[in-house]
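Shown next, in structure tokens, is the structure this report addresses.
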Amino acid sequence: MLLPLYDQKSRIKLLILVLSLLVGVVTMLYTRRLIQRLSEREQQQIDLYAKALRYSISTEEISSLPFLQENIIYANKTVPVILTDGENVIDARNLGLRPHLAAADSVRQVRELLLEMQQRHPPIPIDLPNNTHNYIFYQDSVLLRDLRTYPWVQLGVIASLAMLAYLSFSYSRRAEQNRVWVGLAKETAHQLGTPLSSLVGWQSYLRESERFHDEPIIEELGKDIKRLEIITERFSNIGSVPVLKAENLYQTTRNAIAYLESRVSRKVKFSIETELPLDTPACLNVPLFDWVVENICKNAVDAMDGRGSIT
Numbered sequence: 386m387l388l389p390l391y392d393q394k395s396r397i398k399l400l401i402l403v404l405s406l407l408v409g410v411v412t413m414l415y416t417r418r419l420i421q422r423l424s425e426r427e428q429q430q431i432d433l434y435a436k437a438l439r440y441s442i443s444t445e446e447i448s449s450l451p452f453l454q455e456n457i458i459y460a461n462k463t464v465p466v467i468l469t470d471g472e473n474v475i476d477a478r479n480l481g482l483r484p485h486l487a488a489a490d491s492v493r494q495v496r497e498l499l500l501e502m503q504q505r506h507p508p509i510p511i512d513l514p515n516n517t518h519n520y521i522f523y524q525d526s527v528l529l530r531d532l533r534t535y536p537w538v539q540l541g542v543i544a545s546l547a548m549l550a551y552l553s554f555s556y557s558r559r560a561e562q563n564r565v566w567v568g569l570a571k572e573t574a575h576q577l578g579t580p581l582s583s584l585v586g587w588q589s590y591l592r593e594s595e596r597f598h599d600e601p602i603i604e605e606l607g608k609d610i611k612r613l614e615i616i617t618e619r620f621s622n623i624g625s626v627p628v629l630k631a632e633n634l635y636q637t638t639r640n641a642i643a644y645l646e647s648r649v650s651r652k653v654k655f656s657i658e659t660e661l662p663l664d665t666p667a668c669l670n671v672p673l674f675d676w677v678v679e680n681i682c683k684n685a686v687d688a689m690d691g692r693g694s695i696t
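Using the working numbering, you'd call the opening residue of the sequence shown number 386 and step up by one each time.
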């Protein structure tokens, strides 16, 4: 039952990834098309603006000038433009300069924008009657510039949401696996209870028997039973918060080592060295602490091939 569930969650994570990529690609393509159309529209608007200026300069029909100025020349309220005679700035619109700016600062910022416009788009020339020329410089509107950055912002949001969903599913899977392991550990502890009780009964029987009651094996059997009880307690406490109690650190370590000494090769020597007072207390959980000491020592014994000293 668990494996199909994990496979299903893996498919969901893959689906989230595919949908995120699909949304990102569609967004990029649609926004790119929108930017292209808006850029063409602004280009047409600038061309119309230039034609209106040419006509207003060259025409002798005074009656048409107010219409041109109001509906074409002054109607541009989005595209930044600068009109120059090749050297000096004649007019500028939609530059987004701060109001109440000093004249010198205003001129400097207009010059900076003019240099930026020269790098972005070629100027549109306007022929004058006296064989001279004016030039219109322009750049993309604020809306068009925002549209260029919008897809990247949206992709960042989509990627963040996809990553959050992926991490949520991964965390859910790990949490479920942990719950399964905790359940198995507690069930193992429960199953160990029956044979452990039987061993306790056999120990009592052998101790009361005249034939075996003086045998050292009875004492060793008691130690092993005690060890099994500790192991059962470890399994039953998996997934729970350990209960810490003040214990004598040296004596607890000494007891764990003493149990191991009789169960590993006699060619391995154990010794405990400490600079702390022997009665130093420490808050610890004895079964878990013994488990740690046992694993460390067994790994050390395996690493030294059953011969050497552990300090």
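Don't be surprised by glycine CBs; every beta carbon is placed ideally from N, CA and C.
Check                                                                                                                 : Outcome
Enclosing alpha helix (DSSP H) for R496 [first to last residue]                                                       : 488–505
Contact between the segment 617–627 and the segment 583–603 (3+ Cβ pairs under 8 Å)                                   : no
Neighbourhood of I447 by C-beta distance below 8 Å, restricted to the same chain and skipping five residues each side : Residue placement at I447 is poorly supported in this model, since its pLDDT is 45, which falls under 50; the coordinates still yield a value, given next. Excluding residues within five positions, none has a Cβ falling inside 8 Å.
Secondary structure of V649, DSSP reduced to three states                                                             : coil
Contact under 8 Å by Cβ, V466 with L499                                                                               : no
Backbone CA spacing between I657 and I681 [nearest angstrom]                                                          : 14 Å
Residue range of the alpha helix (DSSP H) that includes I509                                                          : Looking at the DSSP string, I509 is not in any alpha helix (DSSP H); the run it does join, the beta strand (DSSP E), is 509–512.
Buried versus exposed, by CB contacts within 10 Å (16 or more), E497                                                  : exposed
Length of the line joining the Cα atoms of N519 and L406                                                              : 48 Å
Where the beta strand (DSSP E) through K630 begins and ends                                                           : 630–633
Member of T659, A667, F655, L669 whose CA lies at the smallest distance from the CA of A685                           : F655
Residues that S694 bridges to, as DSSP identifies them                                                                : K654
Pair within 8 Å by beta-carbon distance, A667 and L634                                                                : yes
Through-space distance from L549 to V677, alpha-carbon basis                                                          : 36 Å
Residue nearest to T617 in terms of C-alpha spacing, selected from K436, R493, E572, L529                             : E572
Distance, G481 Cα to K462 Cα                                                                                          : 11 Å
Neighbourhood of L423 by C-beta distance below 6 Å, restricted to the same chain and skipping five residues each side : L529
Collapsed DSSP secondary structure at N640 in the structure displayed                                                 : helix
Reduced DSSP secondary structure (H/G/I, E/B, other) of R559                                                          : helix
The ligand NAP heavy atom lying under 7 Å from the CB of V686                                                         : Absence of the ligand NAP is noted for the structure shown, with no ligands found whatsoever.
Rounded straight-line distance, which links the Cα of T638 to that of D664                                            : 12 Å
Cβ-based burial, V542 [other Cβ within 10 Å; buried from 16]                                                          : exposed
Contact check, N401 vs Y556, beta carbons under 8 Å                                                                   : Strictly speaking, residue 401 in this sequence is Ile, with Asn absent from that position. Cβ atoms of I401 and Y556: not closer than 8 Å.
Beta-carbon proximity of H506 to Q524, cut-off 8 Å                                                                    : yes
DSSP three-state assignment for N670, whether helix, strand or coil                                                   : coil
Cross-strand partners of V567 (DSSP beta bridge)                                                                      : DSSP output for V567 lists no bridge partner at all.
Helix, strand or coil at T659 [DSSP, three-state]                                                                     : coil
Close-in-space but distant-in-sequence residues of the same chain around I642 (CB under 8 Å, 5 per side omitted)      : F655, I657, V678, C682
Same chain, Cβ closer than 8 Å to E340, five either side skipped, listed in chain order                               : Look at the range of the chain in this structure, 386 to 696, and you will see that residue 340 is not part of it.
Length of the line joining the Cα atoms of K611 and V649                                                              : 18 Å
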